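Offset between the sequence shown (1-based) and the numbering used here: plus 1. Report on the structure given below.
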Amino acid sequence: MIKSKIHRNWYLWFFLIVVCELGIAYSLIKAFINKINHSDLSIIPIIILTLIILGLLLVIKDFKYLVIDNHKNKLTYYSIFRPFGNTLIIDFFDNKIKTSETSVRGEYEVIYLVKNGYTVFKINGLFYDNMKEIDSSIKLKRIYNYKFNLKLYLQLLFTGKIRIEEE
Numbered sequence: 002m003i004k005s006k007i008h009r010n011w012y013l014w015f016f017l018i019v020v021c022e023l024g025i026a027y028s029l030i031k032a033f034i035n036k037i038n039h040s041d042l043s044i045i046p047i048i049i050l051t052l053i054i055l056g057l058l059l060v061i062k063d064f065k066y067l068v069i070d071n072h073k074n075k076l077t078y079y080s081i082f083r084p085f086g087n088t089l090i091i092d093f094f095d096n097k098i099k100t101s102e103t104s105v106r107g108e109y110e111v112i113y114l115v116k117n118g119y120t121v122f123k124i125n126g127l128f129y130d131n132m133k134e135i136d137s138s139i140k141l142k143r144i145y146n147y148k149f150n151l152k153l154y155l156q157l158l159f160t161g162k163i164r165i166e167e168e
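Written as structure tokens, this is what we have:
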């Protein structure tokens, strides 16, 4: 049984981001309420707050605590959106692809599990110290050559779902 080892910098980063987000949200909401009382209403604070929250959700949606049971060939993950966990049977997937993404911390590996030619599950290496162990424990055929361009990269980054067409 393999459990994901959360990178220690992630805890600090998450705490700082949440504190900053709450501070910014409080300031913007307070400023917005003050402007409602006056006739000069600006939409800029709302746009800024929305972009900040969407940026945070983009990162947090990929954070999962993983437990991989090789004997039962199951992957269980816990996330903010699935606090009680969700179990996936690894044999349910056809293949996996491995790619890299870039962030402020640098480049990191990402594994996508593929079903019927579409990416369906993302394991983001930004959060884990034992990414190689996680990768080697998922016994699926890896697709090496597939069509990939900037449009597909951005779609994969923001939605997590693209069609994989082998070359």
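Note that beta-carbon positions come from the ideal geometry of N, C-alpha and C, so glycine has one too. These numbers come from a predicted model, not from an experiment.
7 Å CB neighbourhood of residue i in its chain, flanking five on each side removed
i: V60; result: none
i: G107; result: none
i: V68; result: M2, K4, T77
i: G86; result: T77, Y78, Y79
Own chain residues within Cβ distance below 8 Å of residue i, not counting five before or after
i: R143; result: N96, K97, I98, K99
i: F16; result: none
i: V20; result: none
Same chain, Cβ closer than 6 Å to residue i, neighbours up to 5 away in sequence not counted
i: M2; result: D70
i: K152; result: none
i: G161; result: K123
Residue closest to residue i, alpha-carbon to alpha-carbon, out of the options
i: I7; options: H72, P84, F64, T88; result: F64
i: E166; options: N125, L151, Y145; result: Y145
i: I81; options: I163, K75, L57; result: L57
i: K123; options: L55, Y66, V19; result: Y66
i: Y147; options: K73, K62, N87, G118; result: G118
i: L157; options: N125, P84, Y27, L13; result: N125
Within 9 Å, strictly: CB atoms of residue i and residue j
i: Y1; j: S5; result: This structure does not reach residue 1, given that the chain is present from 2 up to 168, and the question cannot be answered.
i: K116; j: F94; result: yes
i: I1; j: L114; result: As displayed, the chain neither begins before 2 nor continues past 168, which places residue 1 out of reach and without an answer.
i: T120; j: I90; result: no
i: I170; j: I48; result: The displayed coordinates of the chain run from 2 to 168. Any statement about residue 170 would go beyond what the structure contains.
i: W11; j: L141; result: no
Anticipated Cβ contact below 8 Å, residue i with residue j, distance rounded
i: L23; j: L50; result: Wrong, their Cβ atoms sit about 11 Å apart, outside the cutoff.
i: S104; j: E110; result: The pair is not a contact, with the Cβ atoms about 12 Å apart (cut-off 8 Å).
Alpha helix (DSSP H) segments (min. 4 residues) lying fully within the stretch 94–149: At a cut-off of 4 residues, the continuous stretches assigned as alpha helix (DSSP H) that sit fully inside the stretch 94–149 are 132–138.
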